[in-house]
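Undergrad: Structure in structure tokens, see below.
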Amino acid sequence: MIQHQRPRRLRDNQAIRSLVSETSLSVNNLIMPIFINETITEKEPIYSMPGIYRHTIQSAIEHCKIIIDQGITACALFPGIHDEKKNSKASEALNINNFYYEAISKIKDTFPELLIISDVALDPYSSDGHDGLVRNDKIINDETIEILSKMALYQAKAGADIIAPSDMMDGRIKVIRETLENAQFNNTLIMSYSAKYASSFYRPFRDALESTPKKGDKKTYQMNPANRLEAIKEVQLDEKEGADIILIKPASQYGDIIRDIKEHTTLPIAAYHVSGEYSMIKAAAEKGFLSYEDTLYETLLSIKRAGANMILTYGAIDAAIMINQKRKI
Ligand code: PBG
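Numbering (the numbering used here), first residue to last: 322 to 650.
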């Protein structure tokens, strides 16, 4: 039979498949999230995130060495602090000598070239487990921003390269940007969690930080998973307010949102392949139902295909090893 078009010609061998590949995953695209914790004296595994640990500052530094050796250029740090330091005002967040600022500055001093992405939200410090201040069961927006902007400044002073507000308060990017500019941190980047959905995929992360809300949920500040247009609105506001990079999370169930935003912004896009998305693959692989490597790689590739420039993923080191050993092309 004569067929003028046979799409399979372009799939016949690896060489031609590589040549016509529309998307590729590179180590340059990967960001490793790291949990650091002041309550431990040596690193400890996180039950609901197989392969991921809570780190001391020292073990985080050793971990960063592995990250750098694989060619990854950025990490995102998340703190866990002593319970007795948590209160309803999240006041430990504004202790300039707190564990988090110390960790940022020690890691920065050890690896000046590694980009540090720091987290801005109250949940690690709040006895309520919310990202903002709570009063009469409501999350108070504007007062929270005052704290967040100071946190951002302290993080920049400690050596963070990229400030990443994950709190979803309205108007915080503007105040953080102005605070940084006023203090001459003109080159500090802001990676805004613009479209952060109220997702059940964050549960292992909350286990890792012991930061589950004591009461209620996060639906009055994080987005409704049903919404698309609202994500574009959030991005447009953050652009105007001074964000440099737009973050969307979760990632793999939200490819349509990543694509929508890609078509509406010229800013680089980060996607966060969150704890539950990672643990789901790990758990299925442990049962022998899926291949961890193949599923992780395909997932990350599809997040890039959706339009992400960079991906935060707990599988960053594993993916980098696969790429560096050319086990995946
Ligand atoms: C909280 C925060 C969360 C994540 C990042 N920052 C959880 C939440 O909003 O409750 C989730 C990341 C993950 O699940 O890997 N500020």
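Just so you know, even glycine gets a beta-carbon here, dropped at the ideal spot from N, CA and C.
#1: Report the start-end ranges of each alpha helix (DSSP H) in the region 476 to 501 that is 4 residues or longer and not cut off at the edges.
#2: Short check: CB of Y542 to CB of I460, under 8 Å?
#3: Rounded to the nearest angstrom, how far is the Cβ of S409 from that of D444, given a contact under 8 Å?
#4: In the DSSP assignment, find the beta strand (DSSP E) that holds Y374 and state where it starts and stops.
#5: Nearest-angstrom Cα distance between I402 and R330?
#6: Tell me K459's beta-bridge partners as DSSP assigns them.
#7: Could you tell me which whole alpha helix (DSSP H) segments of length 4 or greater appear in the region 599 to 635?
#8: Would you call the CB atoms of Y618 and K649 closer than 8 Å?
#9: Have a look at E560, D639, T587 and flag the residue whose alpha-carbon is nearest the alpha-carbon of I602.
#10: Identify, in the order they occur along the chain, each residue of the same chain with its Cβ nearer than 6 Å to the Cβ of Y421, setting aside the five sequence neighbours on each side.
#11: Mind checking whether the beta-carbon of K429 lies closer than 7 Å to any heavy atom of the ligand COA?
#12: In terms of residue numbering, what span does the beta strand (DSSP E) encompassing N645 cover?
#13: For H594, list the residues DSSP reports as bridge partners.
#14: Could you tell me which of N419, L340, G372 sits nearest to I378, measuring between CA atoms?
#15: Check the C-beta distance from I468 over to M512 and give it rounded, since I have them as a contact under 8 Å.
#16: State buried or exposed for M643, treating a residue as buried only when at least 16 other CB atoms are found within 10 Å of its CB.
#17: Considering only their Cβ atoms, is the gap separating P589 from Y518 smaller than 8 Å?
#18: What I want to know is whether the C-beta of Y374 ends up closer than 7 Å to one or more non-hydrogen atoms of the ligand PBG.
#19: How far does the alpha helix (DSSP H) with Y422 in it reach, from first residue to last?
#20: For K407, does the three-state DSSP call read helix, strand or coil?
#21: Compute the distance between the beta-carbons of I438 and A477, then report whether it is under 8 Å.
TA: Reading from the atomic positions:
#1: none
#2: Within the sequence shown, numbered from 1, the residue matching residue 542 stands at position 221. Within the sequence shown, numbered from 1, the residue matching residue 460 stands at position 139. A contact, by the Cβ cut-off of 8 Å.
#3: Working through the sequence shown from its first residue, we reach residue 409 at position 88. Working through the sequence shown from its first residue, we reach residue 444 at position 123. The pair is not a contact, with the Cβ atoms about 13 Å apart (cut-off 8 Å).
#4: Taking the sequence shown and counting its residues from 1, one reaches residue 374 at position 53. From DSSP, the beta strand (DSSP E) with Y374 extends over 374 to 376.
#5: Locating residue 402 in the sequence shown gives position 81, where the first residue counts as 1. Locating residue 330 in the sequence shown gives position 9, where the first residue counts as 1. C-alpha separation (whole angstroms): 57 Å.
#6: Counted from its first residue, the sequence shown places residue 459 at position 138. According to DSSP, K459 bridges with R456.
#7: 613 to 627
#8: In the sequence shown, the residue the question calls residue 618 occupies position 297. In the sequence shown, the residue the question calls residue 649 occupies position 328. In this structure, K649 lies closer than 8 Å to Y618 by Cβ.
#9: By one-based count along the sequence shown, residue 602 stands at place 281. For the residues E560, D639, T587, the minimum Cα distance to I602 belongs to D639.
#10: Counted from its first residue, the sequence shown places residue 421 at position 100. P400.
#11: Here the bound small molecules are the ligand PBG; the ligand COA is not part of this structure.
#12: In the sequence shown, the residue the question calls residue 645 occupies position 324. Run containing N645: none in the beta strand (DSSP E); it sits in the alpha helix (DSSP H), 637 to 645.
#13: Your numbering for residue 594 matches position 273 in the sequence shown. Bridge partners of H594: T634.
#14: Taking the first residue of the sequence shown as position 1, residue 378 is located at position 57. Here the closest residue by C-alpha is N419.
#15: Stepping through the sequence shown from its first residue, residue 468 is reached at position 147. Stepping through the sequence shown from its first residue, residue 512 is reached at position 191. About 19 Å; that fails the 8 Å criterion.
#16: Residue numbering aside, residue 643 sits at position 322 when the sequence shown is read from its first letter. Buried is the call here.
#17: Position 197 of the sequence shown holds residue 518. Position 268 of the sequence shown holds residue 589. Not closer than 8 Å, so no.
#18: Residue mapping note: residue 374 aligns to position 53 of the sequence shown, counting from 1. No - the ligand PBG has no heavy atom lying nearer than 7 Å to the Cβ of Y374.
#19: Reading the sequence shown from its first residue, position 101 is the one you call residue 422. 420 to 431 is the span of the alpha helix (DSSP H), which, as asked, contains Y422.
#20: Here residue 407 refers to the residue found at position 86 of the sequence shown. The answer is coil: DSSP assigns K407 none of H, G, I, E or B.
#21: Here the question's residue 438 lines up with position 117 in the sequence shown. Here the question's residue 477 lines up with position 156 in the sequence shown. Their beta carbons are not under 8 Å apart, which means I438 does not touch A477 by this criterion.
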